[in-house]
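The following block contains the structure:
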């Protein structure tokens, strides 16, 4: 199995940039497009002005969650094409943040991020279920028992398994499915 690239966010600033709901929307739109896209294209999909998207795109670019992959001159204007980071994103609360107040702020931002990701996925799930056309949906939860190394290995395997399906493939009868997962280690062994 080839290695899955991981972006580790270690500072409060990085977590705040990532946890912003508007920036999560930008990453979501870029991911769904399945190709490099301009700020204007993303703004059109979101239904907002390019200047606002550009501001947030630059913040994401600064922490490596999007990157400019090419440019093209269109009517005398240089269009910049961006792609989202394709690997896994890890938030490391312990690294470089030894002050208790900073750790608590990191926890708070991580909580905000998880809540936003959950809300976006929940809303999408229920929106699809309410549509008149046929939808297929599955909801599952299960407890797994493994060592930390086994849990990390499983996450890498799942990420590698999902990689071929993360971009829309042209000229194929593909349907969009949303996959949302979290992993939490229980420290209370009685749970």
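Residue numbers (the numbering used here): 1023 to 1213.
Glycine included, C-beta positions come from ideal geometry on N, C-alpha and C.
Computed from a predicted structure; not experimentally measured.
Residue from the options whose Cα sits closest to the Cα of residue i
i, options, result
"residue 1104", "1110, 1114, 1088", "1088"
"residue 1051", "1070, 1035, 1097", "1070"
"residue 1108", "1056, 1098, 1073", "1056"
"residue 1113", "1036, 1195, 1027", "1036"
"residue 1046", "1060, 1064, 1033", "1064"
"residue 1061", "1110, 1137, 1094, 1043", "1094"
"residue 1048", "1099, 1106, 1097", "1106"
"residue 1101", "1140, 1134, 1059", "1059"
"residue 1075", "1187, 1044, 1099, 1164", "1044"
"residue 1033", "1125, 1081, 1082", "1125"
"residue 1027", "1175, 1110, 1096, 1072", "1110"
Through-space distance from residue j to residue i, alpha-carbon basis
i, j, result
"residue 1127", "residue 1053", "28 Å"
"residue 1079", "residue 1146", "23 Å"
"residue 1130", "residue 1029", "20 Å"
"residue 1024", "residue 1185", "For residue 1024, the pLDDT reaches just 48, beneath the cut-off of 50, and the residue's location in the model is therefore unreliable, although a value from the coordinates is still provided. Straight-line Cα distance between these residues: approximately 11 Å."
"residue 1039", "residue 1194", "35 Å"
"residue 1092", "residue 1170", "39 Å"
"residue 1134", "residue 1041", "7 Å"
"residue 1141", "residue 1098", "41 Å"
"residue 1150", "residue 1132", "27 Å"
"residue 1215", "residue 1188", "For residue 1215 there is no data in the structure shown, the boundaries of the chain being 1023 and 1213."
"residue 1172", "residue 1072", "44 Å"
"residue 1212", "residue 1183", "With a pLDDT of 49 at residue 1212, under the threshold of 50, the predicted position of this residue should be treated as unreliable, and no value is reported."
"residue 1090", "residue 1082", "11 Å"
"residue 1148", "residue 1138", "15 Å"
"residue 1174", "residue 1068", "34 Å"
"residue 1096", "residue 1167", "54 Å"
"residue 1066", "residue 1077", "15 Å"
"residue 1153", "residue 1164", "28 Å"
Range covered by the alpha helix (DSSP H) that runs through residue i
i, result
"residue 993", "The requested residue 993 does not occur in the structure, where the chain is confined to residues 1023 to 1213."
"residue 1180", "1170-1184"
"residue 1077", "1072-1084"
Start-to-end residues for the beta strand (DSSP E) that takes in residue i
i, result
"residue 1043", "Segment 1043-1055 is the alpha helix (DSSP H) holding residue 1043; no beta strand (DSSP E) there."
"residue 1088", "1088-1096"
"residue 1029", "1028-1031"
"residue 1105", "1099-1106"
"residue 1112", "1110-1113"
*Do the region 1075-1089 and the region 1169-1183 make contact, defined as three or more Cβ pairs closer than 8 Å?*
no
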